[in-house]
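Going down the list, the protein sequences come from chains U and R.
Going by the working numbering, the first residue of the first sequence is number 4, and it counts up by one from there.
Going by the working numbering, the first residue of the second sequence is number 6, and it counts up by one from there.
Note that CB positions come from ideal geometry on N, CA and C, so glycine has one too.
If you're wondering where the values come from, they're calculated on a predicted model, not measured in any experiment.
Below you'll find the structure, written out as structure tokens, and then a few comments.
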Amino acid sequence: MNFAPVIAVGELQPVFAWLYGLLQSIGLEGTLLTVVMYAGLGGTVFGVLCVLALFLVWWERKIAGHIQQRFGPMRNGWHGWYQTLADAVKLLQKEDVLVDTRDRPVFFWAPVIGFVAAFAAYVVMPFGKGLIVADLNIGILYIMAVTTFTVISLLMAGWGSNNKYALLGGMRSAAQVVSYEVPMVVSILTVILYTGSLSMVDIVESQSGLFFNWFIFRIPFGPIAFITYITAATAEANRTPFDIPEAEQELVAGFNVEYSGMKFAMFFLAEFINMFTVSAIAVTLFLGGWQGLSFLPSWLWFLGKTLMVVLLLMLFRWTYPRLRVDQLMEFAWKILVPITFANLIIAGWFKWAGWYW
Amino acid sequence: MTEYLAVLIFIFAGIGIVLFTFLFSRIFRPRNPYREKNINYECAENPIGTSWIQFNNRFYIFALIFVIFDVEVVFLFPWAVAFGQLGLFALVEMVVFILILFFGIFYAWRRGALKWV
């Protein structure tokens, strides 16, 4: 089968056209050209994600510091701006301490699967107008399906370490993530009801116009869906107040106790990529994606909005105390699931009656 | 189908990136394992026995409830996409479907299955 290459359109289209011409001029064509293009895009996305993760770790530490009336990292550069880079270099040099009683293949592949699950979601992420690797027609369903593999990675890490803390952390996180998966997906379905398409580009296009066309402003079901989504997404990303899996004070670090060096770094990277993913989905579904006033390029709007949602998640982390396990599970099944389903039915009723703009 | 090639390439690129990083850090990292270092971390105590033991079956019950709702969500996706053409009948039908499932979760609630003891 011969795969024809797809070139992105939009603001960066000239750059892509130029690269495409360059690849053609060195004799690549057909499927091979497509593969090279996608591999290049994958490398680019990885680079962007690494820079973002480095920034987010630094940002989180600064926010944590300032909330607790201290400065956070200050030594390396202006306000410690390359502190995370130094940490990454340090992690690169760390010995890989391996537990003798571990389950070898499970222990080894857990960080790989965790990273791939976080990374593969970016195939359908609309970074800007036409700035998307591949516009799959099942977009949001694909993201949900792929990011769920994080659970498997956490379970594998917990089981493979043969450590009691790690096993408890892995089991708890599996229970938590699958419980919050249901309200998260149902909140997303509220949006799908109105767009009638699963493609990320279609979802963004359906919110075009000024900000009152964003889904969050479709009163009454829009704001409710956004709040339930953000709550469930915080739990999905394993962040406080839902960070039971890695509760430092009781489980030391949960599933990643026995990991060190680059294996630990991969879990850490995947965690921050996941945080950015859930924020980016929130922006795409509820806050108009890359839509914005035309004085700024679309990808800047997307980035700005997403960083604002990330800021919200960080403020959650540093202002709320952690929930107990029983509170956590009961909150998911007894409060969040009924609310989201009721909201879905109300949204369906409004859609059928035509009470929306 | 061209777009789906991107998924495949991203998955393999992801695996490749991680494996490359592991190999790359091998150049820089020291390697000095000994028996005491490689014992499981348990706050400086020697661990007793393996951790691959039986654990509470409430995880199993939650997994079962999750599977029920996840299958329901699979039904809801095509319903939501096609809702614009389906009208009131589809809405009523889905309300009945959701109510039946909620009867199930209510039963589990009453029996104490949702309680995390």
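Residue from the options with nearest C-alpha to residue i
i: Ala356(U); options: Pro52(R), Tyr39(R), Gly89(R), Gly21(R); result: Gly89(R)
i: Leu57(U); options: Ala67(U), Leu88(U), Gly291(U); result: Leu88(U)
i: Gly225(U); options: Lys354(U), Lys97(U), Ala120(U), Ser176(U); result: Lys354(U)
i: Val48(U); options: Ala137(U), Trp21(U), Met265(U); result: Ala137(U)
i: Ser164(U); options: Ala345(U), Ile342(U), Phe258(U), Trp21(U); result: Phe258(U)
i: Ala228(U); options: Val188(U), Gln71(U), Leu314(U), Ala240(U); result: Val188(U)
i: Leu24(R); options: Glu63(U), Thr151(U), Lys132(U), Ile116(U); result: Ile116(U)
i: Met147(U); options: Asp75(R), Ala18(R), Ile58(R); result: Asp75(R)
i: Thr26(R); options: Leu272(U), Ala20(U), Tyr23(U); result: Leu272(U)
i: Thr55(R); options: Leu59(U), Phe19(U), Leu95(U), Thr104(U); result: Thr104(U)
i: Ser176(U); options: Ile191(U), Ser190(U), Ser156(U), Val194(U); result: Ser156(U)
i: Ala113(U); options: Met269(U), Phe19(U), Gln96(U), Lys167(U); result: Met269(U)
i: Pro38(R); options: Glu261(U), Leu101(U), Val286(U), Tyr145(U); result: Leu101(U)
Nonlocal neighbours in the same chain, by C-beta distance under 7 Å from residue i, ignoring five residues either side
i: Trp162(U); result: Asp106, Val109, Leu170, Gly173
i: Leu339(U); result: Pro186, Thr231, Thr234, Ala235
i: Gly87(R); result: Checking the displayed sequence, the identity of residue 87(R) turns out to be Ala instead of Gly. Closer than 7 Å at Cβ, skipping near neighbours: no residue.
i: Val60(U); result: Thr87, Phe275
i: Val152(U); result: The question names Val, yet the displayed sequence has Phe at residue 152(U). Correct list, in chain order: Ile116, Ala120.
i: Lys2(U); result: For residue 2(U) there is no data in the structure shown, the boundaries of chain U being 4 and 360.
Assigned secondary structure, residue i (DSSP; H/G/I helix, E/B strand, else coil)
i: Gly199(U); result: coil
i: Leu296(U); result: coil
i: Gly92(R); result: coil
i: Leu134(U); result: strand
i: Gln72(U); result: coil
i: Glu77(R); result: helix
i: Pro52(R); result: coil
i: Ile233(U); result: helix
i: Lys42(R); result: coil
i: Asp90(U); result: helix
i: Ser30(R); result: helix
i: Ser182(U); result: helix
i: Trp81(U); result: helix
i: Met4(U); result: A caution first: Met4(U) carries a pLDDT of 37, below 50, which makes its placement in the model too unreliable to give a value.
i: Asn277(U); result: helix
i: Pro244(U); result: coil
Inter-residue spacing [alpha-carbon to alpha-carbon] between residue i and residue j
i: Pro223(U); j: Gly351(U); result: 12 Å
i: Ile44(R); j: Leu55(U); result: 36 Å
i: Glu98(R); j: Leu158(U); result: 37 Å
i: Leu296(U); j: Ile135(U); result: 20 Å
i: His69(U); j: Gly75(U); result: 7 Å
i: Leu213(U); j: Ile284(U); result: 19 Å
i: Phe80(R); j: Ala95(R); result: 12 Å
i: Ala345(U); j: Trp84(R); result: 16 Å
i: Pro341(U); j: Ala18(R); result: 40 Å
i: Ile141(U); j: Tyr85(U); result: 39 Å
i: Ile143(U); j: Ser200(U); result: 9 Å
i: Val281(U); j: Leu25(U); result: 35 Å
i: Val72(R); j: Val180(U); result: 13 Å
i: Gly43(U); j: Gly307(U); result: 25 Å
i: Tyr65(R); j: Glu47(R); result: 26 Å
Residues near residue i in its chain [Cβ-Cβ closer than 6 Å; skip 5 each side]
i: Met4(U); result: Because Met4(U) sits at a pLDDT of 37, beneath the cut-off of 50, its placement in the model cannot be relied upon, and the following sentence gives the value as read from the coordinates. No residues qualify anywhere along the chain.
i: Trp217(U); result: Gln210, Leu290, Gly291
i: Trp302(U); result: Phe130, Gly131, Leu134
i: Thr322(U); result: none
i: Glu63(U); result: Met317
i: Thr343(U); result: Pro186, Val189, Ser190, Thr231
i: Asp50(U); result: Before going further, note that residue 50(U) is Gly rather than Asp in the sequence given. Taken in chain order, the list of residues that qualify is empty.
i: Met77(U); result: Gly83
i: Asn79(U); result: Tyr85, Gln86, Ala89
Contacts around residue i, its chain only, beta-carbon distance under 8 Å, and the 5 residues preceding and following it disregarded
i: Pro8(U); result: Caution applies to Pro8(U), whose pLDDT of 47 falls short of 50 and renders its modelled position unreliable; the model cannot decide the point.
i: Phe319(U); result: Thr237, Arg242, Thr243, Pro244
i: Glu98(U); result: Ser263, Gly264
Any C-beta of chain A under 7 Å from that of residue i
i: Val281(U); result: Structure shown: chain A not included; protein chains present are U and R.
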